[in-house]
Ligand code: NAP
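Numbering (our numbering), first residue to last: 94 to 387.
Here's what the structure looks like:
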C-alpha cells in the first residue's frame, strides 16, 4: 500500500463534542428505534448535549437498552412502547412525551425494517411490512409532530434517516430501497410545506456503520463482504459518533437555514464506480440461494 491509500482520517475520539455544551438544554428529542444501533448512537449524542430523550419502539428489551445508554450520560429519558405503523400509538407516544418533557422540539425518524431477499422471492407481506414501517411509519410520525407544532405555533426539526439506495436502487433490497426513496422525497416535500411554520425537515443517510445490534439477516449480508474497510473509498467504515455529530448539527441552531437537504455520511461509498466493469453476480448467487424455484 502506498501513502496515498491510507483512507480518510479517523475522527476525534468518542466523547468529543462537535457543538457547544448544552446546545439542546431544555429541548426534548424523540428518536424512533432509539434503543438500538444507529438510533441509540444518535440519541446518546443529543443527550450529551443536554437534551431530554424520548425513545419509541416496539420491544421492551430495546427500550431498556436505549434507556440505559442515555442514563449513562446523565440526561433524562422516557421510553414509550410504540409501533410506528399505528397513528394512534404515535399520538399516544407524543402525549406521553409532552407530559414528561413538553412537546419534543426534534423528531428523529430512525426506525425502519429491512432484510435482504431477491425481488422474485419477496412475498407481498414482506414488501408490505417494510414499506409500512419505513415509509408509512416515517410519514405518520412526521405528520403528528408537525400538526402539534403548527397548533402550538412553535418551531421544530425533523430528521429522516435514509439510505443511499434511495438514489441508486438496492439489489437485494427492493422493498427497503423503494421505501427509502419515498422517505428522501418526503424530506423535500415536507420541508417546503412546513418551512413557513418554522419546521425544518432534513435527511441523514448513513453509509456502512456496523454495530452489535444488526439483525442476523443484515449481519449475514455484511459477512459476505470479507474485508469491510478495504471495500470503502474511505478505507474504513463509519464510526457511530460521526453519525451522532451529523444528526445533532442538522437539528441544532447552527443549521437553521438547512432544510430539505439530505446529508450523506458514508465516505463517498455511494458514488463509487469501477474503472473496469467487474462481472455481474446475481443477487441469488451473492446470497447462495441456488436456482429460482417458482
Ligand atoms: P436496527 O438496529 O435494526 O434498528 C431498527 C430500530 O427500529 C429498532 O430499534 C427497532 O426497535 C425499530 N423499529 C423497527 N420497526 C419498528 C416499528 N414498527 N415501530 C417502532 N420501531 C420500530 O437498525 P440500524 O442499523 O440501527 O438502522 C437505523 C436506521 O439507519 C434505519 O433507518 C436504517 O435503514 C438506516 N441505515 C442503517 C445503516 C447501517 O449501516 N446500519 C446503513 C444505512 C441506513 P423495535 O424492534 O423495538 O421496534
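We put the beta carbon where it would ideally sit given N, CA and C, even for glycine.
Exercise. Given that a residue counts as buried once 16 or more other Cβ atoms are within 10 Å of its Cβ, and exposed if not, what is residue 385?
Worked result: Numbered from its first residue, the chain shown carries residue 385 at position 292. When all chains shown are included, residue 385 counts as exposed.
For this session: Give the DSSP-derived three-state secondary structure of residue 226 in the structure shown.
Result: Your numbering for residue 226 matches position 133 in the chain shown. In this structure, residue 226 counts as helix in the three-state DSSP scheme.
Problem set entry | residue 201, enclosing beta strand (DSSP E) - first and last residue | Taking the first residue of the chain shown as 1, we reach residue 201 at position 108. Element bounds for residue 201: 199 to 202.
Problem set entry | residue 321 beta carbon near the ligand NAP (any heavy atom closer than 7 Å) | For this step, residue 321 is matched to residue 228 along the chain shown. Result no, Cβ not under 7 Å from the ligand NAP.
Exercise. Would residue 324 be called buried (16 or more neighbouring beta carbons within 10 Å of its own) or exposed?
Worked result: Counting from 1 along the chain shown, the entry for residue 324 is found at position 231. Exposed, because fewer than 16 other Cβ atoms sit within 10 Å of the Cβ of residue 324.
Exercise. Does the ligand NAP have a heavy atom nearer than 7 Å to the CB of residue 130?
Worked result: For this step, residue 130 is matched to residue 37 along the chain shown. Correct: residue 130 has its Cβ closer than 7 Å to the ligand NAP.
Exercise. So is the beta-carbon of residue 125 under 7 Å away from any non-hydrogen atom of the ligand NAP?
Worked result: For the purposes of this step, residue 125 is taken as residue 32 along the chain shown, with counting starting at 1. At least one heavy atom of the ligand NAP is nearer than 7 Å to the Cβ of residue 125, so yes.
Exercise. Helix, strand or coil: how does DSSP classify residue 205 here?
Worked result: Counting from 1 along the chain shown, the entry for residue 205 is found at position 112. Residue 205 falls in the coil class under three-state DSSP.
Exercise. Where does residue 341 sit, in a helix, a strand or coil, going by DSSP?
Worked result: Taking the chain shown and counting its residues from 1, the one referred to as residue 341 is at position 248. Note: residue 341 maps to helix in three-state DSSP.
For this session: For residue 381, count neighbouring Cβ atoms within 10 angstroms of its own Cβ and tell me buried if that reaches 16, exposed if not.
Result: As a working note, residue 381 is residue 288 in the chain shown. With fewer than 16 other Cβ atoms within 10 Å, it is exposed.
For this session: Quick one: using the 10 Å Cβ neighbour count with 16 as the cut-off for buried, is residue 350 buried or exposed?
Result: Within the chain shown, residue 350 is the residue found at index 257, counting from 1. Flag for residue 350 reads exposed.
Problem set entry | For residue 192 and residue 344, the rounded distance between their alpha carbons | Numbered from its first residue, the chain shown carries residue 344 at position 251. Numbered from its first residue, the chain shown carries residue 192 at position 99. Approximately 22 Å, taken between the alpha carbons.
Problem set entry | Cross-strand partners of residue 253 (DSSP beta bridge) | Counting from 1 along the chain shown, the entry for residue 253 is found at position 160. Per DSSP, 202, 296.
Problem set entry | Minimum C-alpha distance to residue 152 - residue among 145, 174, 146 | On the chain shown, residue 152 is found 59 positions in, with the first residue counted as 1. The shortest Cα separation from residue 152 among 145, 174, 146 belongs to 174.
Exercise. Just how far apart, CA to CA, sit residue 194 and residue 355?
Worked result: Here residue 194 refers to the residue found at position 101 when the chain shown is read from its first residue. Here residue 355 refers to the residue found at position 262 when the chain shown is read from its first residue. Cα to Cα, the separation comes out at about 28 Å.
Problem set entry | First and last residue of the uninterrupted alpha helix (DSSP H) at residue 183 | Here residue 183 corresponds to residue number 90 of the chain shown, with the count starting at 1. Residues 180 to 194.
Exercise. Closest by CA to residue 347, which one among 111, 103, 104?
Worked result: For the purposes of this step, residue 347 is taken as the residue at position 254 of the chain shown. Taking only the C-alpha atoms, the option nearest residue 347 is 111.
Problem set entry | Stretch pair the segment 235 to 248 + the segment 299 to 309: three plus CB contacts closer than 8 Å | no
Problem set entry | Residue-level contact to chain B via CB, residue 184, 8 Å cutoff | Going by chain labels, chain B is absent from the structure shown, which holds only one protein chain.
Problem set entry | Same chain, Cβ closer than 7 Å to residue 272, neighbours up to 5 away in sequence not counted | Locating residue 272 in the chain shown gives position 179, where the first residue counts as 1. 223, 224, 227, 228.
Exercise. Can you name, in chain order, every residue of its own chain whose Cβ lies under 6 Å from the Cβ of residue 129, other than the five neighbours on each side?
Worked result: Start at 1 with the first residue of the chain shown, and residue 129 comes out as number 36. Excluding positions up to five away in sequence, the list reads 155, 306.
For this session: May I ask you to check if the CB of residue 307 is nearer than 7 Å to at least one heavy atom of the ligand NAP?
Result: The residue you call residue 307 lines up with position 214 of the chain shown. The answer is yes for residue 307.
Exercise. Hey, is residue 218 close to the ligand NAP, as in C-beta under 7 Å from one of its heavy atoms?
Worked result: As a first step, residue 218 is located in the chain shown; it is residue number 125 there, counting from the start. Because no heavy atom of the ligand NAP lies under 7 Å away, the Cβ of residue 218 does not count as near it: no.
Problem set entry | Other residues of its chain near residue 137: CB distance less than 7 Å, five sequence neighbours each side excluded | What you label residue 137 is simply residue 44 of the chain shown in a count that begins at 1. If we look at residue 137 and ignore the five residues flanking it on each side, its Cβ neighbours are 162, 163, 166, 337.
For this session: To the nearest angstrom, report how far apart residue 357 and residue 363 are at their CA atoms.
Result: Along the chain shown, one-based indexing puts residue 357 at 264. Along the chain shown, one-based indexing puts residue 363 at 270. Taking the straight line joining both Cα atoms gives about 9 Å.
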